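**Q** Read in this note's numbering, the sequence shown has 939 at position 164, and its numbers run on one by one without any break.
Before I ask anything, here is the structure I am working with.
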Amino acid sequence: MKKTIDLNCDMGESFGHYKLGNDDEVIQYISSANVACGFHAGDPNIMDHTVKIAKEHGVEVGAHPSLPDLAGFGRRNMDIPRDELMNLIIYQIGALDIFCQKHGVNMTHVKPHGNLNNMADSDEQLAINIVDAILSVRPDLTVFVKPHSQLHKVAERKGLPFKLEIFADRSYHKDFSLVSRREEGAVISDPEFVAERIIRMVTEGKVKAITGEEIEVNGETICVHGDTPTALEMIKIIKRRLEEAGIEVNSPFA
């Protein structure tokens, strides 16, 4: 049986007149889209358009909820009470789900954005809040998680479906957490290097940490960030190299 893997991208991250990413081009090469829900980026018109083009290209649609941080693109830490945080996540899932209903699309997954995701690597209570928010409204949704993170452990413990996510364009620490964007070398923008790295992660289950250690990795979905300047070229090369290695890019929900 041919090996398959999901290729996902964060999309719909423009806002009003401000354009970010190449969504109309990128959508042609991926199998899952994580759509911004208005709290770090995105707005109703952009959400509507992103769901529309995802449907046209047979791409799975998931919510990409964030901390309420438009100015910081959801990449700043915030301390938010449990009930408020859960309602923020529920609100964003609901907003995207309505646009999915409009276009006759079944929303399949949730991927927390930015520091909401990063904080849930080590903060068990935050991970519980995220999982409980999803379970309270759409327990059928799958959450994308980093392997070995608290979000991974909590989702598994509480019975929320999950997919293990690996990052093409981000450097890892030896504990498999992502290197902060504030640090040099955190974002990898060379498409050829990224493609080689991904092939090794998928075929050998290994990746080199930023400090040089070899770490084991298991992934079911590959993320390329839509705001990485070389994202479109990167996605094209990754998909081609995967196919050359006999690995098909396909929905994890097929």
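We put the beta carbon where it would ideally sit given N, CA and C, even for glycine.
All of these numbers come straight from a predicted model, not from anything done at the bench.
Along the chain, where does the alpha helix (DSSP H) that runs through GLU971 open and close?
**A** Locating residue 971 in the sequence shown gives position 196, where the first residue counts as 1. Segment 966-979, the alpha helix (DSSP H) holding GLU971.
**Q** Using the rule of at least 16 other Cβ atoms within 10 Å of the residue's Cβ for burial, across every protein chain shown, is LYS794 buried or exposed?
**A** Translated into positions along the sequence shown, residue 794 becomes position 19. It counts as exposed.
**Q** State buried or exposed for PRO840, treating a residue as buried only when at least 16 other CB atoms are found within 10 Å of its CB.
**A** The residue labelled residue 840 in the question sits at position 65 within the sequence shown. That one is buried.
**Q** Can we say the region 781-801 touches the region 811-818, given the rule of at least three CB pairs closer than 8 Å?
**A** yes
**Q** Determine the direct distance from the alpha carbon of ASN881 to that of ILE855, and round the result to whole angstroms.
**A** In the sequence shown, counting from the first residue as 1, residue 855 sits at position 80. In the sequence shown, counting from the first residue as 1, residue 881 sits at position 106. Looking at the two C-alpha atoms, the distance is approximately 30 Å.
**Q** Report all residues from its chain with a CB closer than 7 Å to the CB of ASN904; omit the five preceding and five following residues, and keep chain order.
**A** The residue given as residue 904 occupies position 129 in the sequence shown. Correct list, in chain order: ARG857, LEU860, MET861.
**Q** Among the candidates PHE1028, CYS784, LEU782, whose CA atom is the shortest distance from the CA of ASP915?
**A** Counting from one through the sequence shown, the residue named residue 915 turns up at place 140. When only C-alpha atoms are compared, the closest one is PHE1028.
**Q** So the candidates are THR1003, GLU1008, ILE997; which of them puts its Cα closest to the Cα of ASN1025?
**A** Residue numbering aside, residue 1025 sits at position 250 when the sequence shown is read from its first letter. It is ILE997.
**Q** Can you tell me the Cα-Cα spacing of PRO966 and ILE1013, whole angstroms?
**A** Counted from its first residue, the sequence shown places residue 966 at position 191. Counted from its first residue, the sequence shown places residue 1013 at position 238. Approximately 8 Å between the Cα atoms of the pair.
**Q** Using three-state DSSP, classify CYS784 as helix, strand or coil.
**A** To locate residue 784, count along the sequence shown from 1; it is residue 9. CYS784 falls in the strand class under three-state DSSP.
**Q** I believe GLY1009 touches GLY994 by the beta-carbon criterion, under 8 Å. Please report the beta-carbon distance rounded to the nearest angstrom.
**A** Taking the sequence shown and counting its residues from 1, the one referred to as residue 1009 is at position 234. Taking the sequence shown and counting its residues from 1, the one referred to as residue 994 is at position 219. According to the sequence as given, residue 1009 is Met; it is not Gly. With 8 Å as the limit, MET1009 and GLY994 do not qualify as a contact, their Cβ atoms being about 16 Å apart.
**Q** Shortest alpha-carbon distance to HIS824 belongs to which of GLY849, SER806, ARG850, PHE874?
**A** Reading the sequence shown from its first residue, position 49 is the one you call residue 824. The option with the nearest alpha carbon to HIS824 is PHE874.
**Q** Once you ignore the five residues that flank ASP1002 on each side, which residues in its own chain have a CB closer than 7 Å to its CB?
**A** Position 227 of the sequence shown, counted from the first residue, corresponds to residue 1002. Here the set comprises GLU788, LEU795, GLY796.
**Q** Quick one: Cα of GLU899 to Cα of VAL929, how far?
**A** Residue numbering aside, residue 899 sits at position 124 when the sequence shown is read from its first letter. Residue numbering aside, residue 929 sits at position 154 when the sequence shown is read from its first letter. Rounded to the nearest angstrom, the two C-alpha atoms are 7 Å apart.
**Q** Return the CA-CA distance between GLU958 and GLY889, expressed in angstroms with no decimal places.
**A** For the purposes of this step, residue 958 is identified with residue 183 of the sequence shown, where counting begins at 1. For the purposes of this step, residue 889 is identified with residue 114 of the sequence shown, where counting begins at 1. Rounded to whole angstroms, GLU958 and GLY889 show a C-alpha spacing of 15 Å.
**Q** When the Cα of GLY833 is compared with those of THR986, THR883, LYS921, ASP896, which residue comes out closest?
**A** Taking the sequence shown and counting its residues from 1, one reaches residue 833 at position 58. Closest option to GLY833, Cα to Cα, is THR883.
**Q** Could you check what DSSP says for MET882 in three-state terms: helix, strand or coil?
**A** The residue you call residue 882 lines up with position 107 of the sequence shown. In the structure shown, MET882 sits in a strand (DSSP, three-state: E or B).
**Q** Going along the chain, which unbroken runs of the alpha helix (DSSP H) with 4 or more residues stay wholly within the region 922-955?
**A** 925-933
**Q** Taking ASP799 as the reference, which of ARG956, ILE821, GLU989, GLU971 has the closest Cα?
**A** As a position in the sequence shown, residue 799 is number 24, starting the count at 1. Nearest Cα to ASP799 within the set ARG956, ILE821, GLU989, GLU971: ILE821.
**Q** Taking C-alpha atoms, which residue in PRO843, TYR947, GLU1018 lies nearest to GLY987?
**A** For this step, residue 987 is matched to residue 212 along the sequence shown. Cα-wise, what sits closest to GLY987 is TYR947.
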